[in-house]
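This report concerns only the one structure given below.
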């Protein structure tokens with residue numbers, strides 16, 4: 001259990017003390033959750049964006065880095081590699097997600113989408129009528145997409161460890177064929193985006209996960 005406000009232990013005053021805790025990797029080894037391979041892909045920033053980044057305050061620095069347009073090409077390369085998979089593309093900034101959804105001709109689910117429409121899209125994804133789904137922070141919480149086996153994270157809520165765990169959790173349902181889940185986090189190299197990403201990964205590394213880190217120029221080394 002992890003919370004960014006440090007109050008994760010408050011729940012025990014309501015439900016009693018924790019009796020047992022098992023690392024996620026142990027659950028994976030026992031077959032309760034799918035094996036997951038995590039990647040961090042560090043992307044360079046366009047020169048024009050880097051100049052704007054350098055003169056911005058901390059909060060805007062993160063958004064500029066998170067919305068790095070060079071990320072789109074990496075997303076496309078990952079999708080081309082996973083043509084036979086069920087893919088979730090997850091992010092924080094709606095404009096960024098809208099552009100990705102438009103480019104890929106994929107449905108986008110945000111908090112503004114009516115529940116009935118969401119359920120229709122989720123149903124199409126479960127049935128395989130659509131294989132790529134772009135989702136905002138609504139994907140951090142309970143959605144049942146058991147066949148999703150690839151997640152591509154393009155932006156997140158700053159350094160939230162909880163969100164990182166929630167997003168990986170979207171693809172951890174055991175697969176019928178026993179295949180591994182793939183979690184790709186795309187970050188902008190040498191920026192706040194990369195710094196926050198390191199913090200986001202703390203909880204999962206404590207659970208036994210390791211991130212394979214590559215630069216954008218070497219992405220083919222992990223897409224084999």
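Numbering (the UniProt record's numbering), first residue to last: 1 to 224. C-beta atoms are modelled at their ideal positions from N, C-alpha and C, and glycine is treated no differently. Since we're looking at a predicted model, the values are computed, not measured.
Where do the N-terminal and C-terminal ends of the beta strand (DSSP E) with residue 123 fall, by residue?
Element bounds for residue 123: not the beta strand (DSSP E) but the alpha helix (DSSP H), 115 to 127.
Selected residue, minimal CA-CA separation from residue 178, among 161, 149 and 200:
149
Which one or two residues does DSSP pair with residue 75 in a beta bridge?
Residue 75 pairs with nothing; no bridge assigned.
How long is the line joining the alpha carbons of residue 43 and residue 32, rounded to whole angstroms?
34 Å
In the DSSP output, which residue or residues are listed as bridge partners for residue 135?
90 and 109
Around the C-beta of residue 141, are 16 or more other C-beta atoms found within 10 angstroms, so that it is buried, or is it exposed?
exposed
Looking only at its chain, what residues have a beta carbon closer than 7 Å to the beta carbon of residue 96, apart from the 5 residues adjacent to it on each side?
Apart from sequence neighbours up to five positions away, the residues of its chain that approach residue 96 with a beta-carbon distance below 7 Å are 67, 154 and 155, ordered along the chain.
Cβ separation of residue 226 and residue 171, assumed to be a contact under 8 Å, to the nearest whole Å
In the structure as shown, the chain begins at 1 and stops at 224. Residue 226 is therefore absent and cannot be evaluated.
Cut-off 7 Å between Cβ atoms - residues of its own chain near residue 40, not counting five sequence neighbours on either side:
185, 187, 197, 211 and 213.
Looking only at its own chain, which residues have a Cβ that is under 6 Å from the Cβ of residue 26, when we skip the five neighbours before and after it?
Same-chain partners within the cutoff: there are none.
Determine, using beta carbons only, whether residue 136 and residue 91 come nearer to each other than 8 Å.
yes
Leaving out the 5 sequence neighbours to the left and right, which residues in its chain are closer than 8 Å to residue 94 when beta-carbon positions are compared?
110 and 136
Quick one: what does DSSP say residue 160 is sitting in, helix, strand or coil?
In the three-state scheme derived from DSSP, where H, G and I count as helix and E and B as strand, residue 160 is classed as coil.
How many whole angstroms separate the CB atoms of residue 69 and residue 46, which I take to be in contact at a CB cut-off of 8 Å?
7 Å
Nearest residue (CA-CA) to residue 220, options 76, 54, 53 and 28:
Nearest of 76, 54, 53 and 28 to residue 220, Cα basis: 76.
Could you give the residue range of the alpha helix (DSSP H) that holds residue 152?
Secondary structure note for residue 152: it is in no alpha helix (DSSP H), and the uninterrupted beta strand (DSSP E) holding it is 150 to 153.
Do residue 181 and residue 54 count as a contact pair if the criterion is CB distance below 8 Å?
no
Starting from residue 210, trace the beta strand (DSSP E) in both directions and tell me its first and last residue.
Segment: none, residue 210 is in no beta strand (DSSP E) and carries neither H nor E.
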